[in-house]
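Engineer: Supplied in structure tokens, the structure appears directly below.
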Amino acid sequence: MKPKNPLYTRSTCLRQKILLQTRSTHTATAPNQPSQQPPNQTTKIPLHELSPSDLCYYWDTKIPNASQLAYAQKFFQPSRHSPIKLWSASKFRTTPLESTTPEVVFLGRSNVGKSSLLNAVMGQKICWTSSKPGRTREMNAFGIGGLKGGHSRIVLLDMPGYGKASRAEWGVEIMKYLQRRRQLRRAFLLVDGSHGLKQSDKDILSLFRQYAIPHQIVLSKVDKLLARSSRQIKTGASPAEIAALKTLLEELKPVIQPDGRTGGPGALGEIVTCSAETPIGGGEFLGINALRWAILSSTGFDGTIGVKSDAIPSARPVNGPTANA
Ligand SMILES: Nc1nc2c(ncn2[C@@H]2O[C@H](COP(=O)(O)OP(=O)(O)O)[C@@H](O)[C@H]2O)c(=O)[nH]1
Ligand SMILES: [Mg+2]
Numbered sequence: 001m002k003p004k005n006p007l008y009t010r011s012t013c014l015r016q017k018i019l020l021q022t023r024s025t026h027t028a029t030a031p032n033q034p035s036q037q038p039p040n041q042t043t044k045i046p047l048h049e050l051s052p053s054d055l056c057y058y059w060d061t062k063i064p065n066a067s068q069l070a071y072a073q074k075f076f077q078p079s080r081h082s083p084i085k086l087w088s089a090s091k092f093r094t095t096p097l098e099s100t101t102p103e104v105v106f107l108g109r110s111n112v113g114k115s116s117l118l119n120a121v122m123g124q125k126i127c128w129t130s131s132k133p134g135r136t137r138e139m140n141a142f143g144i145g146g147l148k149g150g151h152s153r154i155v156l157l158d159m160p161g162y163g164k165a166s167r168a169e170w171g172v173e174i175m176k177y178l179q180r181r182r183q184l185r186r187a188f189l190l191v192d193g194s195h196g197l198k199q200s201d202k203d204i205l206s207l208f209r210q211y212a213i214p215h216q217i218v219l220s221k222v223d224k225l226l227a228r229s230s231r232q233i234k235t236g237a238s239p240a241e242i243a244a245l246k247t248l249l250e251e252l253k254p255v256i257q258p259d260g261r262t263g264g265p266g267a268l269g270e271i272v273t274c275s276a277e278t279p280i281g282g283g284e285f286l287g288i289n290a291l292r293w294a295i296l297s298s299t300g301f302d303g304t305i306g307v308k309s310d311a312i313p314s315a316r317p318v319n320g321p322t323a324n325a
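Taking full-length UniProt numbering, the leading residue of the sequence shown gets 1, the next gets one more, and so forth.
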């Protein structure tokens, strides 16, 4: 029998241990906001109340605040001009060259949930998803934030998966894209939380470092880590489950940012976790606004690299989004 992934086994053990103890020293609050009273470890926090400080791990960047998350949600709100399918290409040489719009790319093993996550981010089922691995055979580009008669402001790319049922030549084309695409701002590497990092993920991480490609880890299908069934997750997550998730994220840190930087810069010091199949109300899904904010940060639409705020119509919250890093 194949041994279980150590990360997964660890999280399962942790969850069981903490649940058995019923009380633990962990709390669900952000480290810089200590709570007065330790919460009851078995009382669940409703899904819509789970914040990025519960679900994600920020050690080099700032946790997005409520106004930044609201801004991100509005930016990605579907309209007649967003999202739009821009192009598909199976070879790097057939990708359109003329565009200067900033791009981010979503990569990961087949079936990790890339297309589902992009649909949740874009608020529309525009990417093709499948329960069978290896069904996305082309790079598919989608435009976001377009205005009437104007161009999209961000391009999101859904890539063919690597690993089981993928083809070796796609890997070659993806590498060409990653190395040569000038408008690429960040590669988001999806890792299935319940499977952990596979060797193929570690290989791509080392290629990112080797070619100095800015990259960030996204843990997909976090519902599987927070609950045993899709019925259980509907009622929320307990502080103990959240603490177990935090431990798992902390264990990823030295792997994605190895010491010594021998092979080039590591991943961004921020891990976002999401579930494209866990509705939290209002047509939204768990953890998606934190990922949207990460996309805006990587492309300069969070105000860090001088994008004019009047270029973002009516999306500006009352206080405006605060620069993130
Ligand atoms: N439990 C769970 N399943 C998911 C989630 N996202 C996607 N899936 C399932 O995972 C499978 C693969 O999804 P897909 O988006 O096509 O993966 P891709 O090959 O990486 O693009 C499908 O059966 C989805 O229903 C999630 O957040 N939670
Ligand atoms: Mg896909």
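Each residue gets a CB set at the ideal place from its N, CA and C atoms; glycine is no exception.
Strictly by DSSP, which residues pair up with isoleucine 204?
Structural biologist: Partner(s): none; isoleucine 204 has no beta bridge.
Engineer: Is the separation between the beta-carbon of leucine 296 and that of alanine 72 shorter than 7 Å?
Structural biologist: In this structure, alanine 72 lies closer than 7 Å to leucine 296 by Cβ.
Engineer: Go to isoleucine 280, then tell me how far its beta strand (DSSP E) extends in each direction, as first and last residue.
Structural biologist: Its beta strand (DSSP E) spans residues 279-281.
Engineer: Among all the DSSP beta bridges, which residues are the ones paired with aspartate 192?
Structural biologist: Paired residues: Ser220.
Engineer: Does the Cβ of lysine 221 lie closer than 6 Å to at least one heavy atom of ligand 1?
Structural biologist: Lysine 221 Cβ: within cutoff of ligand 1.
Engineer: Among Val112, Gly123, Phe142, Ala141, which residue has its Cα nearest to the Cα of serine 130?
Structural biologist: Among Val112, Gly123, Phe142, Ala141, the Cα nearest to that of serine 130 belongs to Val112.
Engineer: Rounded to whole angstroms, what's the CA-CA distance from lysine 148 to histidine 81? Just pull it up for me.
Structural biologist: Cα to Cα, the separation comes out at about 6 Å.
Engineer: Please tell me whether, using a cut-off of 6 Å, the distance from the CB of serine 115 to the nearest non-hydrogen atom of ligand 2 is below it.
Structural biologist: It does: the Cβ of serine 115 is within 6 Å (strictly closer) of some heavy atom of ligand 2.
Engineer: Is alanine 290 near ligand 1, going by C-beta to nearest heavy atom under 6 Å?
Structural biologist: Flag unset: Cβ of alanine 290 not near ligand 1.
Engineer: If you measure between the beta carbons of isoleucine 217 and isoleucine 271, is that distance less than 7 Å?
Structural biologist: Cβ atoms of isoleucine 217 and isoleucine 271: closer than 7 Å.
Engineer: Which of helix, strand or coil does DSSP assign to valine 155?
Structural biologist: Note: valine 155 maps to strand in three-state DSSP.
Engineer: Exposed or buried, what is histidine 48 when buried is set at 16 or more other beta-carbons lying within 10 Å of its beta-carbon?
Structural biologist: Flag for histidine 48 reads exposed.
Engineer: Where does the unbroken alpha helix (DSSP H) through lysine 246 begin, and where does it stop?
Structural biologist: Where lysine 246 is concerned, the enclosing alpha helix (DSSP H) stretches over 239-256.
Engineer: For the beta strand (DSSP E) holding alanine 141, just list the boundary residues, first then last.
Structural biologist: It spans 139-144 - the beta strand (DSSP E) in which alanine 141 sits, taken as one unbroken run.
Engineer: Where does aspartate 259 land, buried or exposed, given buried means 16+ other C-beta within 10 angstroms?
Structural biologist: By the 10 Å Cβ count, aspartate 259 comes out exposed.
Engineer: DSSP on phenylalanine 285, reduced to helix/strand/coil?
Structural biologist: DSSP places phenylalanine 285 in strand when its eight states are reduced to three.
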